[in-house]
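Student: This is the structure I have questions about; it appears just below.
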Amino acid sequence: MATEARHDGYSDDDDDKPIAFRRSDHNGDSEDARSLSSIIFRNTPLNRRPSKIVEDESDDDEVPIASRLQKKNDKQDSTDEKNSSTLENEGAANKVSGKRLLEKGSSADQSSMKKLKVSSSSTSVSMKQDSLKTGKQGDKRKGKQLSVKEDETDDDDDVPIAKRIKSSNSSNSKKPPAKPKVGKQSSTSSATKSKATRVVSPPSKTRSKKSKKVIKDFNYAKSSKSLPSGDGKKKWTTLEHNGVTFPPPYEPHGVKILYKGKPVNLSPEQEEVATLFAVLRETNYYSKPQFRENFWNDWRKLLGQNHVIQKLDDCDFTPIYDWHLEQKKVNSKRIYFFNDMQVKKASRQKEEKYMWAVVDGVKEKVGNFNVEPPGLFRGRGDHPKMGKLKKRIHPCDVTLNLGKDAPIPECPIPGERWKGVMHYDTVTWLAYWTDPINQGFKYVSLSASSTQKGQSDKKKYEKARKLKDHVDHIRASYTTNFTAKDVSKRQIAVAIYLIDKLALRAGNEKGDDEADTVGCCTLKVGNVECVPPNKLKFDFIGKDSIQYVNTVEVKPAVYKTIRQFRAGKSNSDDVFDELDTHKLNAYLKELMPDLTAKVFRTYNASITLDTMLRQETRDGDVKQKAVVYQQANKEVAIICNHQRTVSKSHGAQVERLAGKIKDLKEGLKELTTNLERAKKGKAPLEGADGKKTRNITPEAWEKKIGQQMMKIEKVERDMQTKEDLKTVALGTSKINYMDPRITVAWCKRHEVPIEKIFNKSLLEKFAWAMDVEPDFTF
DNA sequence: TATTAGACTTAGAATCGCCTAA
DNA sequence: TTAGGCGATTCTAAGTCTAATA
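Dropping the structure here:
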């Protein structure tokens with residue numbers, strides 16, 4: 001069915017291209033290749049995988065993204081067993097078409113499509129009553145409260161058997177300290193000397209009702225007996241850090257807003273919130289009714305019912321906005337003054353203390369040591385909570401995670417103290433507080449360049465590589481089930497097909513207090529249209545309220561099944577009404593250990609990159625090779641639907657380039673005329689600026705013409721690239737989906753300095769991948 | 001079995017800061 | 001000197017997924 005590929009949302013532009021991939025003359029073992037990578041690359045044993053050569057498939061266009069990429073050149077490489085062994089992708093390099101729309105207007109209405117979630121409030125209320133009564137609103141979350149245990153002796157009874165088995169099997173299950181941690185504060189801390197920080201129980205999902213007891217003395221530190229959550233595996237043995245920093249307190253500016261044209265006095269607290277609103281004047285939020293309503297509800301609480309301000313629409317925030325612009329201007333200029341540079345340096349030095357943690361004796365960078373400042377919630381899309389006031393976080397909201405013997409950091413705000421300290425070695429976070437908007441947790445963790453994150457990253461890509469060995473079987477399995485009698489089975493089969501073929505996200509259920517977005521399992525009838533004879537047209541709002549629009553040709557059995565699932569339902573009904581992500585992932589685990597829906601995205605992204613780089617890389621300079629990489633990166637970004645908004649200046653930039661092309665073309669015309677004149681022995685014409693042009697030989701004019709044409713080509717290429725990438729975000733796939741070892745190996749094979757592809761941050765993040773052999777295959 | 005807390009990854013927007021051209 | 005462009009970095013929202021719990 002070779003023709004199908006042309007209709008399933010992928011183009012077959014490459015079909016008539018010459019077989020592309022040729023190995024560089026330098027293999028990875030060459031001296032050149034080694035010297036190239038002398039600093040970053042170190043040769044380590046090849047990460048070999050079982051050899052597997054798959055013969056051409058007859059039905060490639062029905063095969064999901066990755067496998068549709070061709071392996072034309074594998075045979076060329078077959079002398080290199082390691083390199084050719086695992087490519088299994090067929091057909092032309094396919095391209096997802098026609099889905100680069102940021103506008104959401106055409107998307108099927110997803111509102112009122114949400115399922116009602118069954119409330120557990122009745123049970124959680126009683127739980128709350130039994131639990132800790134610290135009186136802190138921030139402790140509450142979804143029917144659960146943080147507890148601080150009073151009696152720690154009878155711990156294991158509270159722990160489920162499965163968890164206890166795990167605990168006894170690993171050293172990481174060592175119980176948290178039985179003794180209170182009082183007095184573990186830094187000796188320099190005056191605030192914390194007087195008020196001992198509590199050692200509280202963690203936000204553990206293993207905590208049972210029995211453990212939830214009221215702490216009588218807030219200042220009395222207690223150890224936690226609750227077992228940690230996370231995956232239960234030990235993440236560290238010793239952990240030290242200096243806590244987190246807080247934004248400076250609000251400094252009132254005294255600029256008055258106008259109410260019905262008259263200046264109004266505001267208290268510092270009221271002014272602070274008014275300023276948070278005023279500075280957003282040039283954003284889309286400012287005019288959104290939902291944003292304004294939520295802001296007004298929260299601001300009004302601060303103003304009080306009897307305040308002179310009774311209506312938001314009668315407020316004029318211009319004076320504060322102007323003040324804000326002025327401040328911005330002043331601040332941008334201040335940097336040029338020596339004193340301000342000094343101030344900046346000093347503040348950096350102050351931050352330095354919080355930038356690092358010591359994990360098992362190794363100094364690691366902390367990712368986000370600054371606590372989020374107060375603000376107005378900026379939920380994406382049509383988030384029902386947008387505009388709500390995000391209150392200021394204080395040290396008493398923040399719980400730290402530290403090694404048992406680590407000193408408790410001094411609280412950075414004099415007179416205040418941490419909410420608590422725990423010693424929770426099966427999680428990676430260093431601190432957390434409760435998100436005042438969504439009652440979830442906000443974590444402070446190590447940076448992306450840390451060993452911990454690196455290992456986790458590597459594990460992720462190894463799992464995706466493993467999928468390659470199972471994917472044929474998985475595809476055979478879901479294909480068989482397209483016609484299963486059992487509806488659930490059929491729904492699982494079709495859902496996995498879509499996840500595999502289109503790299504859709506799993507699609508968890510969402511609540512009414514979240515933006516109305518969908519993924520595969522939550523697709524509504526209105527999101528999928530059947531276009532005869534066998535195409536599906538998708539139009540829905542996905543993660544981050546980014547629209548996904550795509551029309552693809554699918555297997556007739558899939559088309560028929562989707563039509564059945566839609567039959568007799570309204571637009572707001574679920575397509576997969578017998579399916580959720582739990583069932584889907586449970587099924588995937590039967591096919592491959594630890595397999596979940598998201599692994600398909602990583603797999604498809606990485607295999608697409610690997611295959612495209614092998615096919616498309618030609619001899620040429622580094623710049624040309626970098627363009628090939630960018631093209632492959634773009635392909636992956638399109639598959640994953642990674643979009644960005646068009647920059648405000650895009651139009652002007654393109655216009656400028658168009659003007660440049662026009663000028664260059666006029667110049668070319670002049671050059672051609674002068675060439676003709678030179679051939680006839682005539683002097684060249686005057687330049688456009690009226691200046692006399694030097695008389696040169698026809699050969700010299702020809703050379704100039706060649707150079708001019710190259711200039712034109714370059715600017716035209718730049719303009720095209722700019723246009724092509726105006727809505728495509730390349731970074732997300734580079735950071736999260738494409739196995740960095742593919743990139744590193746390709747750089748080694750083709751003598752492209754890795755710095756041309758990875759910036760400083762990525763080099764640090766992917767340090768674990770730098771040793772890969774040049775013949776690494778995903 | 002369904003629900004959801006908790007921990008983590010993934011995501012686009014906003015901001016920063018360096019460079020270049022006018 | 002300034003403005004603008006643009007890649008890098010920071011910020012924090014919004015997903016996924018596991019396992020406890022009702």
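Under full-length UniProt numbering, the final residue of the first sequence carries the number 778; numbering is consecutive throughout. For each residue, glycine too, the CB sits at the ideal point set by N, CA and C.
#1: Below 8 angstroms on the Cβ atoms is my contact criterion, and I expect residue 781 with residue 320 to pass it. Report the Cβ-Cβ distance as a whole number of Å.
#2: So what does DSSP say about residue 530, is it helix, strand or coil?
#3: Where do the N-terminal and C-terminal ends of the beta strand (DSSP E) with residue 585 fall, by residue?
#4: Quick one: which unbroken beta strand (DSSP E) runs of 3-plus residues sit fully inside the stretch 247 to 319? Chain order, please.
#5: How is residue 736 classed by DSSP in three states: helix, strand or coil?
#6: Any idea what DSSP makes of residue 769, helix, strand or coil?
#7: Report the rounded CA-to-CA distance for residue 476 versus residue 470, giving the unit in angstroms.
#8: Smallest Cα separation from residue 734: which of 610, 674, 666, 676?
#9: The alpha helix (DSSP H) with residue 666 in it runs from where to where?
#10: Rounding to the nearest angstrom, what Cα-Cα distance links residue 384 and residue 498 in this structure?
#11: One question on the structure: do residue 602 and residue 632 come within less than 9 angstroms of each other, judged by their Cβ atoms?
#12: Select from 531, 507, 511, 514 the residue whose C-alpha is nearest the C-alpha of residue 524.
#13: Could you tell me whether the Cβ atoms of residue 411 and residue 243 are closer together than 9 angstroms?
#14: What whole-angstrom Cβ distance do residue 449 and residue 366 have, given they're in contact under 8 angstroms?
#15: For residue 478 versus residue 606, is the C-beta distance shorter than 9 angstroms?
#16: Beta strand (DSSP E) containing residue 364: first to last residue?
#17: Is it the case that the stretch 529 to 546 contacts the stretch 393 to 411, given that we only count it when at least three CB pairs across the two stretches are under 8 angstroms?
#18: Kindly indicate which residue of 287, 691, 298, 754 has the alpha-carbon position closest to the one of residue 313.
#19: Would you report the Cα separation of residue 764 and residue 454, rounded to the nearest angstrom?
#20: Quick one, are the C-beta atoms of residue 285 and residue 381 less than 9 angstroms apart?
#21: Pick helix, strand or coil for residue 429, following the three-state DSSP scheme.
#22: List the endpoints of the continuous alpha helix (DSSP H) containing residue 356.
#23: For the beta strand (DSSP E) containing residue 422, list its first residue and its last residue.
#24: Counting only runs that start and end within the stretch 550 to 583, where is the beta strand (DSSP E) found for 3 or more residues in a row?
#25: Express the C-alpha separation of residue 370 and residue 351 in angstroms, rounding to a whole number.
#26: Could you check the C-alpha separation between residue 771 and residue 666 for me, to the nearest Å?
#27: Indicate whether residue 483 and residue 557 have their beta-carbon atoms separated by less than 9 angstroms.
#28: For residue 377, which of 358, 273, 491, 400 has the nearest alpha-carbon?
#29: Cα separation between residue 348 and residue 331?
#30: Return yes when the Cβ of residue 451 is within less than 9 angstroms of the Cβ of residue 362, no when it is not.
#31: From the DSSP secondary-structure annotation, give me the bridge partner or partners of residue 535.
#32: Would you call the stretch 715 to 726 and the stretch 654 to 670 touching, i.e. three or more CB-CB distances under 8 angstroms?
#33: Please classify residue 769 as buried or exposed, where buried requires at least 16 neighbouring CB atoms within 10 angstroms.
#34: Applying the criterion that 16 or more other CB atoms from any shown protein chain within 10 Å of the CB defines a buried residue, is residue 306 buried or exposed?
#35: Name the two residues that bound the continuous alpha helix (DSSP H) containing residue 525.
#36: Rounded to a whole number of angstroms, what is the C-alpha to C-alpha distance between residue 628 and residue 766?
Tutor: Walking through what the data contain:
#1: With the chain covering 1 to 778 only, the question about residue 781 has no answer from this structure.
#2: strand
#3: Looking at the DSSP string, residue 585 is not in any beta strand (DSSP E); the run it does join, the alpha helix (DSSP H), is 581 to 591.
#4: 257 to 259, 262 to 264
#5: helix
#6: helix
#7: 10 angstroms
#8: 610
#9: 650 to 679
#10: 29 angstroms
#11: no
#12: 507
#13: yes
#14: 11 angstroms between Cβ atoms; not a contact.
#15: no
#16: 362 to 365
#17: no
#18: 287
#19: 9 angstroms
#20: no
#21: coil
#22: Run containing residue 356: none in the alpha helix (DSSP H); it sits in the beta strand (DSSP E), 356 to 359.
#23: 420 to 422
#24: none
#25: 9 angstroms
#26: 51 angstroms
#27: yes
#28: 273
#29: 17 angstroms
#30: yes
#31: 531, 553
#32: yes
#33: buried
#34: exposed
#35: Unbroken run through residue 525: none, as it is neither H nor E.
#36: 21 angstroms
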